[in-house]
Amino acid sequence: MNIGEIFQQLWQTTGIYNFVQPVDPNIESAFEQFLHQFGSPIMLVICLFLMWLGIKKQYEPLLLIPIAFGGFLSNIPLAGMTEPGGFLNIIYEAGIHQGIFPLIIFMGVGAMTDFGPLLANPKTALLGGAAQFGIFGALLLALCVFGFTLPQAGAIGIIGGADGPTSIYVTSKLAPELLGAIAVAAYSYMALVPVIQPPIMKLLTTKKEREIQMSQLREVSQREKIVFPLLVLSLCILFLPSACPLVGALAFGNLCKECGVVERLSNTMQNALINIITIFLGLSVGSKLSADQFLTVQTLFILILGILAFSLATAAGVIMAKIMNLFSSKDNKINPLIGSAGVSAVPMAARVSNKVGLEYNPNNYLLMHAMGPNVAGVIGSAVAAGVLLTVCVK
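Its first residue numbered -17, the sequence shown is counted upward by one per residue in the numbering used here.
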């Protein structure tokens, strides 16, 4: 081999040479050919944009930044990050494919969640349940209108729960080929809660309804808080065992928090453990942001269905609150604004309900009232995930 061949071989192993793929004669569409040739540099730009959203706009930065960086690494030519034995592939197989990372995240969520507002006003659980309509509404649209398969439709529908770990868990089981697009959609829409929800809330309520003041919540005993996660898990065991992995992880984390005798375990789940897993979860999800999987028409459909699912969930919660008011006495009316908190974006959705309420009544503090349907939405999305894993399994 002469010196010229050596330099040519070195040149052909550089990123510059391999960023642009050769023309594929089997691809007839000019647009698809363009994506095939320039997919990697396009995805690098998209990943940089996602990093910018996380850093500059602070849209779910704890997960959006690792996801974007994982996507950046997965699109480097010849790096082998996502190949069998590669860095990102090892993390993905261990944590996402086996379903470990989302469950550990749910343990941390349970350890950080206070179910007191829900126990103080149990009827607000209906608002969290109603919000799950967005999941099944999007499923039907994906299946009947957009032509996705049943497992893919189930994975897309879970975006309506506004719960990132649940979306990742369900998608990894039903449609792993859509993981990148669904994860980006789920976390993007969660970050956009303050933008998406208020117009829907105002459209579906009157000024008088937005000014409704709710009575102060009663104090919930420690015994109630200890029994609650065990009761929820027991009901899942009896009626929906497929939801037990998610609900069980949530219940364990919450029990450790409320029992008061294992503070070290609770603090670890709330801080060090959930932070470590969040890093690995984001990087492994980002490994599915390769050009051939993300730059497709399906991704566009997923983004459209995701926003529809989230909007339907918000609207369903508000409408359920209005329906409940038809059967409530004058002193026990529910402010319909808290219905929008039935999605599982804790505590951001509850804060949005409170913020909109204060705009119309400066003395109307709805935050703790909204936390009831908000934490109910966490349980509701886990239960919905169990239903999807039962009905939509391949």
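We put the CB at the ideal spot given by N, CA and C, even for glycine.
Quick caveat: nothing in here was measured; it's all calculated off a predicted structure.
Roughly how many whole angstroms lie between the Cα atoms of residue i and residue j?
i           : j           : result
residue 131 : residue 186 : 33 angstroms
residue 1   : residue 65  : 17 angstroms
residue 348 : residue 355 : 12 angstroms
residue 147 : residue 44  : 13 angstroms
residue 202 : residue 252 : 22 angstroms
residue 81  : residue 102 : 33 angstroms
residue 60  : residue -16 : 24 angstroms
residue 275 : residue 299 : 34 angstroms
residue 293 : residue 9   : 37 angstroms
residue 14  : residue 156 : 26 angstroms
residue 281 : residue 242 : 45 angstroms
residue -3  : residue 3   : 11 angstroms
Taking 8 angstroms as the threshold (C-beta atoms), are residue j and residue i in contact?
i           : j           : result
residue 32  : residue 49  : yes
residue 138 : residue 84  : no
residue 362 : residue 110 : yes
residue 17  : residue 277 : yes
residue 360 : residue 322 : no
residue 220 : residue 351 : no
residue 237 : residue 211 : yes
residue 124 : residue 287 : yes
residue 329 : residue 353 : yes
residue 100 : residue 373 : no
Going along the chain, which residues of its own chain have a beta-carbon closer than 8 angstroms to the beta-carbon of residue i, five neighbours each way excluded?
i           : result
residue 365 : 114, 218, 222, 225 and 229
residue 265 : 48, 49, 51, 52, 55, 70 and 73
Nearest to residue i by alpha carbon, out of the options?
i           : options               : result
residue 215 : 202, 235, 197 and 201 : 235
residue 206 : 197, 17, 97 and 190   : 97
residue 208 : 93, 363 and 142       : 93
residue 302 : 68, 61 and 105        : 105
residue 89  : 256, 160 and 12       : 256
residue 53  : 111, 339, 163 and 81  : 163
residue 268 : 25, 117 and 12        : 25
residue 47  : 102, 121 and 173      : 173
residue 258 : 87, 56 and 239        : 87
residue 261 : 189, 190, 70 and -8   : 70
residue 335 : 81, 7 and 177         : 177
residue 375 : 152, 213 and 67       : 152
residue 41  : 11, -7, 122 and 170   : 170
residue 344 : 34, -13, 194 and 315  : 194
residue 367 : 311, 244, 141 and 159 : 141
residue -1  : 166, 11, 23 and 6     : 23
residue 121 : 283, 20, 310 and 75   : 283
residue 28  : 4, 273 and 249        : 273
residue 119 : 179, 314 and 296      : 296
residue 145 : 133, 166, 158 and 128 : 166
residue 279 : 317, 204, 129 and 68  : 129
residue 91  : 309, 317 and 254      : 254
residue 270 : -14, -12, -10 and 75  : 75
Please work out which residues of its chain come closer than 7 angstroms, Cβ to Cβ, to residue i, disregarding the five sequence neighbours upstream and downstream, and give them in chain order.
i           : result
residue 319 : 183, 187, 192, 335, 338, 339 and 348
residue 180 : 334 and 338
What does a CB cutoff of less than 6 angstroms around residue i pick up in its chain, not counting 5 residues either side in sequence?
i           : result
residue 6   : 18
residue 263 : 83
residue 244 : 238
Mind pulling the beta strand (DSSP E) runs of 3 or more residues that sit fully within the region 5 to 37? As far as the region 5 to 37 is concerned, it has no whole beta strand (DSSP E) run of at least 3 residues.
In chain order, which alpha helix (DSSP H) runs of at least 4 residues are fully inside the region 107 to 178? The region 107 to 178 contains these whole alpha helix (DSSP H) runs: 107 to 112, 115 to 126, 132 to 139, 146 to 156 and 161 to 173.
Would you mind listing the alpha helix (DSSP H) stretches within the region 28 to 106 that are 4+ residues and don't spill past its ends, in chain order? 43 to 56, 69 to 73, 82 to 94 and 98 to 102
What alpha helix (DSSP H) runs, 4 residues minimum, are completely inside the region 300 to 350? 330 to 342
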